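Going by UniProt numbering, the first residue of the sequence shown is number 1, and it counts up by one from there. We treat Cβ as the ideally placed atom computed from N, Cα and C, and that holds for glycine. None of the values given here were measured: they were computed from a predicted structure.
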Amino acid sequence: MDLDAFRWLLTDAGQQLLDRAAHAYADTAGDPVAAASAVRKLEPDAARATAALSQVQLRVRAVAKFGDDALRMYFVGDALEQATRPRIAAHRAARLAAFAPASVVDLGCGIGGDLAAFARAGLTAAGVDLDPLRVEIARANLAALGLAGAVEVADSTQLDLDGFGACFADPARRTSSGRVFDVNGWTPSWDFVLGLFERSSVVKVAPGIPHDLVPEGVEAEWVSEAGDLKEAALWSPNLATARRRATVIPASGGLATLTEEDDPYDGVDERPVRAMGAYLYEPDDAVIRSGLVTAVAAGVDGGLVDEKIAWVTSDLAFRSPFARSYRVVEELPYREKQLKAALRERGIGRLAIKPRGVQVVPEQLRKRLALSGGNEGTLVMTRVAGAGAAYLVEPL
């Protein structure tokens, strides 16, 4: 999007066009061609018309992530995809605010999603970015949400950080060629990130970050929302309160967190493996990535079905924010031919397949099973005592 066109959108005339473009988009049922034609009739300047319609379309997309705030905010496509989900940003901001830093600077603020969360948490917040358009958008978003904060164009690696109480960074992990998995390809660099940990800092990273990359004394926190693992955050030693943490934000609201202090098996070589019990627990991906599956096992008075597989079993029924709970109905044959016969005998036509630790592709297996009954079921396929096993289960 053109910077001048975006700045024009913030004028009274631009806001009027944006409002009329939203109505045109709704009137055409979101048809991009018809909507573009309608907006061009309202504004002959192509750049301004395109900017207005693209904002309307992006706002519609952004509602799934930002809720009602999206209808007041401004976006660019790639920055919208990269922006932190608001509940996760709010959690991080609240946690940082508990340390009462004098201020926080967002080093690479993008469209200002995290910046807004810091401001809402009562922090004095500032943001910098190399992209003038994103800086302009971040400023506009703070204003649209009624939040205070300063945003400037600057290179975070050249900034004097001594005047800030805390730093936040979300290194760019994408290039024109796609996603970058090697930390040495991040912008700013991994070396710059390591330097941040010498002061009060939080760094958002990909959830797949290897444990051995986390520096000594730095806390690694994996965060999921509504059951999906979204990110990891690294907390500098003076902000760290654990070594490893799993934070779970359920779709229903609230928040739960687990650390190695909740795991009686932390640092113990022997894993708590036991025979299959009456209940199975499927740990949240944040729990799995943080290496805290045995903490879930301890919490349900159970153990693992296999020392290398993240299924927990117990004879007791629990509901936990850290795992999905199932009652084990019965064990079924693992071999495909016998399994197919057993499922047909039970009249199961709709089958959810949950493989873990075995070479099973649910879509392919489901097609080969060719089930047609009127019942539905959930099938866990895993490894127990080194051998494949299948269990029919039902959610609690």
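By the C-beta density criterion, R139 is buried, having at least 16 other C-beta atoms within 10 angstroms. DSSP, read as helix, strand or coil, puts N375 in strand. Apart from the 5 residues on each side of it in sequence, G165 sits with its Cβ closer than 6 Å to the Cβ of P101, A102, S103 in its chain, given in chain order.
The three-state secondary structure of K230, taken from DSSP, is strand. Judged by their CB atoms, F192 and T247 are not nearer to each other than the 9 Å cut-off.
With distances taken between CA atoms, D170 lies nearest to V202 out of V202, V153, V393.
Collapsing the DSSP output to three states places D266 in coil.
Apart from the 5 residues on each side of it in sequence, T124 sits with its Cβ closer than 6 Å to the Cβ of S103 in its chain, given in chain order. In the displayed model, A119 falls within a helix according to three-state DSSP.
Contact annotation: the segment 337–350 does not touch the segment 313–328, with fewer than three C-beta pairs closer than 8 Å. Note that the C-beta distance between A352 and T313 is not below 9 Å. Counting the other CB atoms within 10 Å of its CB gives R368 a total below 16, which places it among the exposed residues. Its chain contains I249, P250, A251 as the residues whose beta carbon lies nearer than 8 Å to that of A226, once the 5 sequence neighbours on both sides are disregarded; these appear in chain order. In the same chain as G277, and ignoring 5 residues on each side of it, the C-beta atoms closer than 6 Å to its own belong to T313, S314, D315, in chain order. The segment 82–93 makes no contact with the segment 141–159, as fewer than three CB pairs between them are under 8 Å. If you ignore the 5 residues before and after P215, its C-beta comes within less than 7 Å of the C-beta of L194, F197, all in its own chain and listed in chain order.
Shown here for F118: same chain residues with a beta carbon closer than 6 Å to its own, the five before and five after excluded, namely A93, V104, A125 in chain order. DSSP, read as helix, strand or coil, puts G349 in strand. Contact between D263 and L292 holds, with the beta-carbon distance rounding to 6 Å and staying under 8 Å. Counted as a single uninterrupted DSSP element, the alpha helix (DSSP H) harbouring A13 occupies residues 12–27. Contact between S224 and Y281 does not hold, since their C-beta atoms are separated by about 15 Å, which reaches or exceeds 8 Å. Checking the DSSP bridge columns, you'll see K204 partnered with A233.
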